[in-house]
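Scroll down for the structure; my scribbles are underneath it.
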Amino acid sequence: MDNPTTPPMPEHLPGYEIPTKHKEAIRQLYKYAKIGLQQLAGYYSLTTDTVSWILYYDYPERVKPTRTGRPRESLNEQEVRDIIEYISKSYEH
Numbered sequence: 348m349d350n351p352t353t354p355p356m357p358e359h360l361p362g363y364e365i366p367t368k369h370k371e372a373i374r375q376l377y378k379y380a381k382i383g384l385q386q387l388a389g390y391y392s393l394t395t396d397t398v399s400w401i402l403y404y405d406y407p408e409r410v411k412p413t414r415t416g417r418p419r420e421s422l423n424e425q426e427v428r429d430i431i432e433y434i435s436k437s438y439e440h
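Counted the way this note's numbering counts, the sequence shown spans residues 348 to 440.
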């Protein structure tokens, strides 16, 4: 009987987030199957630094997925009016 395996992750694009299911699979393979960092990095086509970051990150998912790390500034009243005017002029009827 073959050992259960996780499917390889599609090519990871730098700057994009790794899906949580793959992060959890990496954690389980490391913890329970005792697969090393370099093997996991090779299997998932990631750097060892990225795998280390996944293994030692406190939460499996972002606490606030919409948060990018900087506070959003609100638009003032004039900016809102300018946007409405621009959209109303550029909208084709």
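Glycine included, every Cβ here is placed at the ideal spot set by N, Cα and C.
CA-to-CA distance, residue j to residue i, given in whole angstroms
i	j	result
residue 438	residue 383	56 Å
residue 367	residue 434	38 Å
residue 363	residue 388	17 Å
residue 369	residue 397	12 Å
residue 390	residue 379	16 Å
residue 431	residue 420	18 Å
residue 428	residue 422	10 Å
residue 392	residue 426	45 Å
residue 424	residue 365	38 Å
Integer-rounded CB distance, given that residue j should sit under 8 Å from residue i
i	j	result
residue 395	residue 386	With a Cβ gap of about 10 Å, residue 395 and residue 386 do not count as contacting.
May I ask you to verify whether the stretch 364-378 touches the stretch 393-405, counting CB pairs closer than 8 Å and requiring at least 3? yes
In chain order, what are the residue ranges of uninterrupted beta strand (DSSP E) at least 3 long that sit wholly in the stretch 377-403? none
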